[in-house]
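A.B. asks: The following block contains the structure, expressed as structure tokens.
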Ligand code: GPP
Ligand code: MG
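In the numbering used here, the protein residues as written are 1472 to 1758.
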């Protein structure tokens, strides 16, 4: 019989990975994510894009916070929609991978949109359990499955996937290792879509604000250039690069005024406004 700890050590290979898993396993009462997810059952672990409706701040005070939270959720769902817009034509018979799937929000949206089978992987057993319960509640457990696996070594079949995305998860891994695994998993012509925060090579090394974000989430934000080097080294050819920085700033302004602000809002606003950090979408094809 395989014990839990031996499974753990197969999935979590380093002390760093164990620290990241502990962060997500113990961060279970996070109102900034749960209050938003409760609105419609899509629990996201990413940020939002688009202008917020200023009327949410104007109306009656006793329901203002509720309106802000609903608006933040709308912007986070809009972000996942933009990511999925870049996956290209996906058929119901195709297979997709959500690499770093969190509580499953983007996976359920992808399945709802394309009808395709989606597998999600996470190194947080808590998140995997939460997302699989969501899949059962939604009646899609046969088609949307979450696994306690490492996205650097997924054990899925070579060439089995039409599409892969990472929605704000690449700052936890070495990009060369990650894209070697994605190049193995994608069929020829398959599409990879990434949304990430990355530091700006042009402004120099990591700014104080970017360091604060790394510290807050136990992550290692990569420079923009690193993405393109790692993609090119692994037969992944970019077809679209979209700078979403200006579009995400309103989300952070609104979040800073909400009851669910976590204290990291000013670091994001400073980093984006000073230009040391970008919110970037990259779509690339497996060649
Ligand atoms: C978390 O989303 C996202 C990350 C930890 C990755 C860091 C992202 C960057 C763009 C640098 P979340 O929804 O769990 O965070 P929060 O709890 O703050 O809303
Ligand atoms: Mg969040």
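Every residue gets a Cβ at the ideal spot worked out from N, C-alpha and C, and that includes glycine.
Computed from a predicted structure; not experimentally measured.
Give a single yes or no on whether residue 1504 has its beta carbon closer than 6 Å to a heavy atom of the ligand MG.
C.D. replies: Translated into positions along the chain shown, residue 1504 becomes position 33. Yes, the beta carbon of residue 1504 sits closer than 6 Å to at least one heavy atom of the ligand MG.
A.B. asks: Buried or exposed for residue 1547, please, with buried defined as at least 16 other CB atoms from any protein chain shown within 10 angstroms of its CB.
C.D. replies: If you number the chain shown from 1, residue 1547 lands on position 76. Result: buried.
A.B. asks: Can you tell me whether DSSP reads residue 1483 as helix, strand or coil?
C.D. replies: For the purposes of this step, residue 1483 is identified with residue 12 of the chain shown, where counting begins at 1. Note: residue 1483 maps to coil in three-state DSSP.
A.B. asks: Taking the alpha-carbon of residue 1654 as reference, which of 1639, 1638, 1631 has the nearest alpha-carbon?
C.D. replies: Taking the first residue of the chain shown as 1, we reach residue 1654 at position 183. The shortest C-alpha separation from residue 1654 is found at 1631.
A.B. asks: Please classify residue 1641 as buried or exposed, where buried requires at least 16 neighbouring CB atoms within 10 angstroms.
C.D. replies: As a working mapping, residue 1641 is identified with position 170 in the chain shown. Buried: at least 16 other Cβ atoms inside 10 Å.
A.B. asks: How should residue 1637 be labelled, buried or exposed, when 16 other C-beta atoms within 10 angstroms of its C-beta is the threshold for buried?
C.D. replies: Taking the first residue of the chain shown as 1, we reach residue 1637 at position 166. When all chains shown are included, residue 1637 counts as buried.
A.B. asks: When you compare each of 1528, 1648, 1504 to residue 1701 by their alpha carbons, which one comes out closest?
C.D. replies: Taking the first residue of the chain shown as position 1, residue 1701 is located at position 230. It is 1648 whose Cα lies nearest to the Cα of residue 1701.
A.B. asks: If you measure from the CB of residue 1540, is any heavy atom of the ligand GPP nearer than 6 Å?
C.D. replies: Position 69 of the chain shown, counted from the first residue, corresponds to residue 1540. Answer for residue 1540: no, Cβ out of range of the ligand GPP.
A.B. asks: Report yes if the CB atom of residue 1739 is closer than 7 Å to the CB atom of residue 1681, and no otherwise.
C.D. replies: Translated into the one-based positions of the chain shown, residue 1739 becomes position 268. Translated into the one-based positions of the chain shown, residue 1681 becomes position 210. Against a cut-off of 7 Å, the Cβ pair of residue 1681 and residue 1739 comes out as no contact.
A.B. asks: Rounded to the nearest angstrom, what separates residue 1532 and residue 1686 at their Cα positions?
C.D. replies: For the purposes of this step, residue 1532 is identified with residue 61 of the chain shown, where counting begins at 1. For the purposes of this step, residue 1686 is identified with residue 215 of the chain shown, where counting begins at 1. So the two alpha carbons sit approximately 34 Å from each other.
A.B. asks: Taking 6 Å as the cut-off, does the CB of residue 1716 come closer than this to any heavy atom belonging to the ligand GPP?
C.D. replies: Residue mapping note: residue 1716 aligns to position 245 of the chain shown, counting from 1. Incorrect: residue 1716 has no Cβ contact closer than 6 Å to the ligand GPP.
A.B. asks: Kindly indicate the opening and closing residues of the alpha helix (DSSP H) around residue 1646.
C.D. replies: The residue labelled residue 1646 in the question sits at position 175 within the chain shown. Note, residue 1646: alpha helix (DSSP H), 1646 to 1656.
A.B. asks: Taking the straight line between their C-alpha atoms, what separation do you get for residue 1712 and residue 1486?
C.D. replies: Along the chain shown, read from residue 1 onward, the residue named residue 1712 stands at position 241. Along the chain shown, read from residue 1 onward, the residue named residue 1486 stands at position 15. Approximately 33 Å, taken between the alpha carbons.
A.B. asks: In three-state DSSP terms, what is residue 1620?
C.D. replies: For this step, residue 1620 is matched to residue 149 along the chain shown. In the structure shown, residue 1620 sits in coil (DSSP, three-state: anything other than H, G, I, E or B).
A.B. asks: Can residue 1622 be considered in contact with the ligand GPP, in the sense that its beta carbon sits closer than 6 Å to one or more heavy atoms?
C.D. replies: On the chain shown, position 151 is the one that residue 1622 refers to. No, the Cβ of residue 1622 stays beyond 6 Å of every heavy atom of the ligand GPP.
A.B. asks: Decide if residue 1592 is buried, meaning its Cβ has at least 16 other Cβ atoms within 10 Å, or exposed.
C.D. replies: Your numbering for residue 1592 matches position 121 in the chain shown. By the neighbour-count rule (16 or more Cβ atoms within 10 Å), residue 1592 is buried.
A.B. asks: Hey, residue 1587 and residue 1567: beta-carbon distance below 7 Å or not?
C.D. replies: One-based indexing of the chain shown puts residue 1587 at position 116. One-based indexing of the chain shown puts residue 1567 at position 96. Contact flag set, yes.
A.B. asks: On the DSSP bridge assignment, give the partners of residue 1668 in chain order.
C.D. replies: By one-based count along the chain shown, residue 1668 stands at place 197. Note: residue 1668 sits in a beta bridge opposite 1750.
A.B. asks: Check the C-beta distance from residue 1742 over to residue 1696 and give it rounded, since I have them as a contact under 8 Å.
C.D. replies: Here the question's residue 1742 lines up with position 271 in the chain shown. Here the question's residue 1696 lines up with position 225 in the chain shown. So it is not a contact: roughly 17 Å between Cβ atoms.
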